[in-house]
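Contents: one structure, followed by commentary.
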Ligand SMILES: Nc1ncnc2c1ncn2[C@@H]1O[C@H](COP(=O)(O)OP(=O)(O)OP(=O)(O)O)[C@@H](O)[C@H]1O
Ligand SMILES: [Mg+2]
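This is the structure we're talking about:
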């Protein structure tokens, strides 16, 4: 899935529809969403609570699949027939940051950072160095051997941000990554996230309620009534 040709977007979603079936009826969360992410681009996705932002992000990252429509990476459609292929694609190409840090409590900060690399194979000196460099960049050099429980909420989330970049993914998907932090710390971590994205040349999709954070992206899109629209097109 690594071949790319010029003019092909890094990630594309076409006509994404998602319907949740429940005993009391069907819920159409996404109606027909089209989305194009270019290499190195950052797009913020905003929208009311319950508008389907997390659902959409999970579909982009192949954590969930759509009812209809398709996701293409470098022009190639993600196929769910073989789970192991899509899982391998996700481990290599996508980094995730969630609202809660999702660090393993019994692993040190350094070991948590090394987890994505361990899933790909043996951890060599270069990978270990990369993890130490990230700790340094995030101002957590002295915390390598600390357990998550010994770190503050902001420090835990800094590890989670760095971890998303460990495997040199082409795309980082962040779902309300600083929603649990106060505004000042969240703002600081936002700068770190965008700084890492610049340094690594990674594409970023960030779901956020925070317009200050959203405005740091190259483009803002809004989910409303099951569709994605550019904010310039939003009349409200
Ligand atoms: N597995 C599921 N089964 C049924 N309904 C679901 C399921 N997952 C999500 N939903 C519904 O889909 C809608 C969109 O949920 P989603 O979590 O994507 O919203 P969101 O925009 O991320 O909201 P928030 O800003 O509160 O995180 C909600 O109405 C939710 O209740
Ligand atoms: Mg959500």
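In my numbering, the protein residues as written are 528 to 763.
Just so you know, even glycine gets a beta-carbon here, dropped at the ideal spot from N, CA and C.
### Query
DSSP on residue 753, reduced to helix/strand/coil?
In this structure, residue 753 counts as coil in the three-state DSSP scheme.
### Query
Hey, residue 660 and residue 637: beta-carbon distance below 8 Å or not?
In this structure, residue 637 does not lie closer than 8 Å to residue 660 by Cβ.
### Task
Could you please give the first and the last residue of the uninterrupted beta strand (DSSP E) stretch that includes residue 600?
Run containing residue 600: 595 to 600, per the beta strand (DSSP E) assignment.
### Query
For the putative contact between residue 740 and residue 574, defined by C-beta atoms under 8 Å, what is the C-beta separation to the nearest angstrom?
Residue 740 to residue 574, Cβ: 14 Å. No contact.
### Chain-order list of residues whose beta-carbon lies under 6 Å from that of residue 655 (same chain, five-residue window excluded)
Contacts found: none.
#### Entry: Own chain, CB closer than 6 Å to residue 701, minus 5 neighbours either side, in chain order
Cβ within range, chain order: 624, 733.
### Message
So within the region 550 to 608, which uninterrupted beta strand (DSSP E) runs reach at least 3 residues, ignoring any that extend past its ends?
### Response
Listed in chain order, they are 552 to 564, 569 to 573, 595 to 600.
### Whether residue 628 touches residue 710 by CB criterion (8 Å)
No, Cβ-Cβ distance for residue 628 and residue 710 is not below 8 Å.
### Message
If distances are taken between C-alpha atoms only, which option among 703, 550, 599, 694 comes closest to residue 648?
### Response
When only C-alpha atoms are compared, the closest one is 694.
### Query
Looking only at its own chain, which residues have a Cβ that is under 7 Å from the Cβ of residue 530, when we skip the five neighbours before and after it?
Note on residue 530: pLDDT 43, under 50, position unreliable in the model; no value is reported.
### Task
Output the boundary residues of the alpha helix (DSSP H) element that contains residue 658.
Unbroken alpha helix (DSSP H) run through residue 658: 652 to 664.
### Task
Would you kindly report the start and end of the unbroken alpha helix (DSSP H) that includes residue 714?
710 to 727 is the span of the alpha helix (DSSP H), which, as asked, contains residue 714.
#### Entry: Contact belief for residue 690 with residue 643 at Cβ below 8 Å, rounded distance in angstroms
Indeed, because the Cβ distance is near 6 Å, the residues count as touching under 8 Å.
### Query
Quick one, which of 652, 541, 686, 566 has its alpha-carbon nearest residue 668's?
The option with the nearest alpha carbon to residue 668 is 686.
### Message
Given the structure, does residue 755 come close to ligand 1, in the sense that its CB is under 7 Å from one of the ligand's heavy atoms?
### Response
Flag unset: Cβ of residue 755 not near ligand 1.
### Task
Indicate, with yes or no, if ligand 1 has a heavy atom lying under 7 Å from the CB of residue 582.
Because some heavy atom of ligand 1 lies under 7 Å away, the Cβ of residue 582 counts as near it: yes.
### Nearest candidate by alpha-carbon position, reference residue 635, set 743, 564, 658
Distance check between residue 635 and each of 743, 564, 658 places 658 closest, using alpha-carbon atoms only.
### Message
Could you tell me the alpha carbon to alpha carbon distance between residue 545 and residue 613, rounded to whole angstroms?
### Response
Roughly 19 Å separates the two Cα atoms.
### residue 529 (DSSP reduced to helix, strand or coil)
Low confidence applies here, because residue 529 scores a pLDDT of 42, under 50, leaving its location unreliable; read the following figure in that light. Here residue 529 sits in coil by DSSP.
### Query
How about the region 564 to 579 and the region 718 to 736: do they share at least three Cβ pairs that are nearer than 8 Å?
Under the Cβ criterion (8 Å, minimum of three pairs), the region 564 to 579 counts as touching the region 718 to 736.
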